[in-house]
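Take 227 as the starting number for the sequence shown in this note's numbering and just add one per residue.
Glycine included, each C-beta is placed from N, C-alpha and C at the ideal position.
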Amino acid sequence: MNLKITYKKIESCDIVFDANIFLKKNIVNILKPIVGKNPVFVFVDKNLYKKMKLELYCKTLKNVLNAEVYILEGGEKTKSLSYFTNYIEKIFKKGVTSNSFVIAIGGGTIIDLAGYIASVIYRGIKFISVPTTLLASADAAISCKNALNLESGKNQLGTYQLPIKVFVETTYIYDFLNVRYFWDGYAEIIKHGIGHSKRLLDYLKENKSIYIQKKIIPKLSNDEKNEFKKDIIKVLKLAIRSKVLLFNKNNNELQPVYHFGHTIGHALEIATANKLFHGEAITIGMLVAIELSIIKNNLKKSVLAETRKLFKKYNLPTSIKKNILNLKCFYQVMKKDKKFSNGKNYFILMNGMYKISNKLTPITSNEYTRVLKKYINK
Ligand SMILES: NC(=O)c1ccc[n+]([C@@H]2O[C@H](COP(=O)([O-])OP(=O)(O)OC[C@H]3O[C@@H](n4cnc5c(N)ncnc54)[C@H](O)[C@@H]3O)[C@@H](O)[C@H]2O)c1
Ligand SMILES: [Zn+2]
């Protein structure tokens, strides 16, 4: 499947499904014609490198593309100023031109770091990504945003730039992904379902695949594994298509739905020292935002029950343990949120199922605390 998205009508990004980009012949056939003889800088996730035994693959990247290959650990600490400075220095020392390419192979954090780097070099050199987690394939890579964290908060620094290509691989990467990270990816997928796509949400609700019932992916039989892989392709295609449709609407402006659940979610990530993963944190953030929408926008109560049921179905947490949450830190981070102003946090709320409000709603700390408390277990 090839999908094209455009941003401000001046750029476009090809999303290519299952090109088997990890095969040697495809580096030659697919990547070589794109990058030509230009300098190439490739960022590879270290976990993926070890689990998929990518030594030979990276050698081929070096030999065929004459690429500089950086193997680095994924995780929130990686999308930081210190990593940014370190790698940008390396890139300039090696020699970068405005025709150079940056390629990211990894999860959302590697993609955010590498995308940010590509977007600031000479105000933007070409960027290609190969997402290797469910979350990155469904959301982080299909984006024109890149961000770095500061100690005071998540995604405090950011840039806009579309990748020129995204290669979504579904055939074998999920064989390696940690199961908790796998379910984590469903949080952003459900966000797109409840936020704007009936087609996606209906599929998620009705899906009766065995892996969803069993929850333990490594223990699936071969038949069940095949069903699992087919289903992931289907889910990703629906999620990506819904995001592309949204992206191309309204003069390609960024949509508020991207941030739904993220005000509380980002603060929870920091205040639990990342013991809650990104998807898990925004799951709680979405539940709080839905409850606030019921209070402020008369959203139907059934939306909360329906969404909570979906989170449970896809193995996402609907509460957090008190002992992993530093509440003092949580309130500090809430005040550093980019939508904090005049003593209030401005939330993105829902007006109805598939309807995220374009208007921001001011919410006091008392108001969101009253709701959040229900989701904290002793
Ligand atoms: N730019 C955007 O529009 C956007 C959108 C959504 C999320 N994000 C960001 O994405 C990040 C979360 O992404 P993520 O969940 O992919 O996190 P991640 O990059 O930390 O990856 C999760 C873990 O999986 C490992 N990994 C990656 N691919 C693997 C594979 N195939 N097999 C085994 N291990 C693998 C990584 O080393 C890491 O430990 C957050 O920082 C979030 O803010 C950005
Ligand atoms: Zn997110």
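With a threshold of 7 Å, the Cβ atom of PHE556 does not count as near ligand 1, since no heavy atom of the ligand is closer than that.
Under the 8 Å Cβ criterion, the stretch 385-395 counts as touching the stretch 351-368, having at least three qualifying pairs.
Per DSSP, the beta-bridge partners of ALA373 are GLY384. Taking 8 Å as the cut-off, the Cβ atoms of CYS239 and PRO389 count as close. Contact annotation, HIS418 with ALA465: C-beta distance approximately 5 Å; criterion of less than 8 Å satisfied.
In the DSSP assignment, PHE573 forms a beta bridge with THR587. VAL295 is bridged by DSSP to VAL268. With a cut-off of 7 Å, the C-beta of LEU361 is classified as near ligand 1, since at least one heavy atom of the ligand falls inside that distance. In the three-state reduction of the DSSP assignment, SER306 falls in the strand class, which pools E and B.
Below 8 Å, enough C-beta pairs join the stretch 374-389 and the stretch 556-565 to call them touching: three or more.
Per DSSP, the continuous beta strand (DSSP E) segment holding ALA330 begins and ends at 327-332.
With a beta-carbon spacing of about 11 Å, ILE442 and PHE454 fall beyond the 8 Å limit used to define contacts. For VAL261, the enclosing alpha helix (DSSP H) starts and ends at 258-261.
The three-state reading of DSSP puts SER345 in helix, counting H, G and I together. Secondary-structure assignment with DSSP links PRO444 through no beta bridge to anything. Separation of the CB atoms of THR509 and ALA413 is rounded to 5 Å, and the pair is thereby assigned contact status at 8 Å. Between ILE589 and ASN571, the C-beta gap is smaller than 8 Å, which places the two residues in contact. The beta-bridge partner set that DSSP reports for PRO357 consists of GLY332. CA-CA distance, LYS352 to SER326, rounds to 7 Å.
Per DSSP, LYS391 is one residue of the beta strand (DSSP E) stretching across 391-394. In the structure shown, LYS501 adopts coil according to DSSP, grouped into three states. Assigned with DSSP and collapsed to three states, ASN474 falls in coil, not helix or strand. A check of alpha carbon separations from SER528 across ILE496, GLY578, VAL483 identifies GLY578 as the nearest.
If you draw a 10 Å sphere on the C-beta of PRO259, you find fewer than 16 other C-beta atoms in it, and that means exposed. If the five residues before and after GLY411 are omitted, its C-beta is found closer than 7 Å to the C-beta atoms of THR359, LEU360, LEU361, ALA364, GLY505, all from its own chain and listed in chain order. Under the three-pair Cβ rule at 8 Å, the stretch 327-346 counts as touching the stretch 303-310. Cβ neighbours of LYS548 within its own chain (closer than 8 Å, five residues either side excluded): ILE602, ASN603, LYS604.
Apart from the 5 residues on each side of it in sequence, GLY569 sits with its Cβ closer than 8 Å to the Cβ of THR590 in its chain, given in chain order.
Rounded to the nearest angstrom, the Cβ distance from LEU291 to ILE253 is 7 Å, consistent with a contact under 8 Å. The closest CA to that of LEU287, considering only GLU299, ASN273, PHE318, ASN255, is found on ASN255. In the three-state scheme derived from DSSP, where H, G and I count as helix and E and B as strand, ILE582 is classed as strand. Burial check for TYR398: the Cβ neighbour count within 10 Å stays below 16, so the residue is exposed. Not one heavy atom of ligand 2 lies closer than 7 Å to the C-beta of GLU495.
With respect to the C-alpha of PHE486, the residue from ASN289, ILE415, VAL328, ASN372 having the closest C-alpha is ILE415. For ligand 2, a non-hydrogen atom lies closer than 7 Å to the CB of GLU414.
If you ignore the 5 residues before and after LEU575, its C-beta comes within less than 7 Å of the C-beta of ALA515, LEU518, SER519, LYS522, ASN523, SER583, THR587, all in its own chain and listed in chain order.
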